[in-house]
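Data first, discussion second: the structure below is written as structure tokens.
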Amino acid sequence: MSARLNSDYLRLKDFRTRVESVLEEKLDPKSQSLPPDLVDEYFELQEKMEEEGWNKKLEFQVMALKDVVTEKLNNAEAELGQLGRRYPFRGRGDGAVPWPKEFLMELSAAYRELLFFNSLKADIDKKFCC
């Protein structure tokens, strides 16, 4: 039992893991919309690389995309932090989530945005090695 309590405490101690934990239980994880413009640009750059190979023009375009994604990732992290400060978690000990549903929806959108931009940045780094 104490191992379970320690595990639960570690999940709730960090805001990101606390958000994951709450969202896993309360919201539909499949409802997610991705910014189509950035996704399209990423796939277009992949196609250009396959067709033309790596060149300076492509490098410039990849760096520009990476800069945009990094900025959006930083903004998403800041937004999630602001949400965490606006609604600190105050567990009641009964397993109930003390956050209103509207906040959970806002939190879910912010967290999914953060995950998306983090994943896209990692994909850019892996695919284009810059």
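Residue numbering for the sequence shown is 28 to 157, as defined by my numbering.
Quick reminder that beta carbons are idealized off the backbone N, C-alpha and C, glycines included.
Bear in mind the structure is a predicted one, so any value in this text is a computation, not a measurement.
Note to self: For a test of the three-state rule: what should DSSP assign to Asn101, helix, strand or coil?
What the structure shows: The DSSP-derived three-state label of Asn101 is helix.
Notebook entry, point to check: Candidates Lys84, Glu79, Val95, Glu78: which alpha carbon is nearest Val66's?
Noted result: Of the candidates Lys84, Glu79, Val95, Glu78, Val95 places its Cα closest to the Cα of Val66.
Notebook entry, point to check: Comparing alpha-carbon positions, which option in Thr44, Val89, Gly80 lies nearest Ala149?
Noted result: Among Thr44, Val89, Gly80, the Cα nearest to that of Ala149 belongs to Val89.
Margin query: In whole angstroms, give me the CA-to-CA distance for Glu133 and Glu47.
Written below: Distance between Glu133 and Glu47, taken at the CA atoms: about 13 angstroms.
Check: Beta-carbon separation of Leu107 and Tyr138 under 8 angstroms?
Finding: In this structure, Tyr138 lies closer than 8 angstroms to Leu107 by Cβ.
Checklist line | Alpha-carbon spacing of Asn82 relative to Glu129, whole angstroms | finding: For Asn82 and Glu129, the distance between alpha carbons rounds to 47 angstroms.
Checklist line | Glu140 burial status per 10 Å Cβ neighbour count (16 or more: buried) | finding: Burial call: buried.
Next item on the list: Mark Phe87 as exposed unless 16 or more other C-beta atoms lie within 10 angstroms of its C-beta, in which case mark it buried.
Entry: Looking at its Cβ environment, which holds fewer than 16 other Cβ atoms inside 10 Å, Phe87 is exposed.
Next item on the list: State the CB to CB distance for the pair Lys93 and Ile151, rounded to an integer number of angstroms; the pair is presumed to be in contact (CB under 8 angstroms).
Entry: At roughly 5 angstroms, the Cβ-Cβ gap stays under 8 angstroms, so Lys93 and Ile151 are in contact.
Notebook entry, point to check: Taking Lys154 as the reference, which of Pro63, Asp64, Leu72 has the closest Cα?
Noted result: From the listed residues Pro63, Asp64, Leu72, the smallest Cα separation to Lys154 is found for Leu72.
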